[in-house]
Amino acid sequence: MFHDPEAFQRPRAFDRLRRKMLAPAPAHPAGASVAPGELIARIDAMLKDRSPER
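Quick look at the structure:
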C-alpha cells in the first residue's frame, strides 16, 4: 500500500469511496453522461464549498 501522510485525517469510508471513484469505471450500458474525472472534480468542488460552520 502506498504511503499517504494525510490518510489518518480522512475517514476510511471516504477513502474507499475515492479509491472506487478513481478506479476505471466499467462501461455503462446507457453511456455515462459525465466523465469520471469531471465527476471527481465536481465532488471535490462540492466538498470545498461546504461552509465549516458545523
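For the sequence shown, the positions run 52 to 105 when the working numbering is used. The beta carbon of each residue, even a glycine, is placed where N, CA and C say it ideally should be. Remember, predicted model here, so these are calculated numbers, not experimental data.
Please state whether DSSP places residue i in a helix, a strand or coil.
| i | result |
| --- | --- |
| Arg70 | helix |
| Arg101 | coil |
| Ala86 | coil |
Nearest CA to the CA of residue i: which residue from the options?
| i | options | result |
| --- | --- | --- |
| Pro87 | Met72, Arg67, Asp95 and Lys99 | Met72 |
| Ile94 | Leu68, Ala74 and Pro75 | Leu68 |
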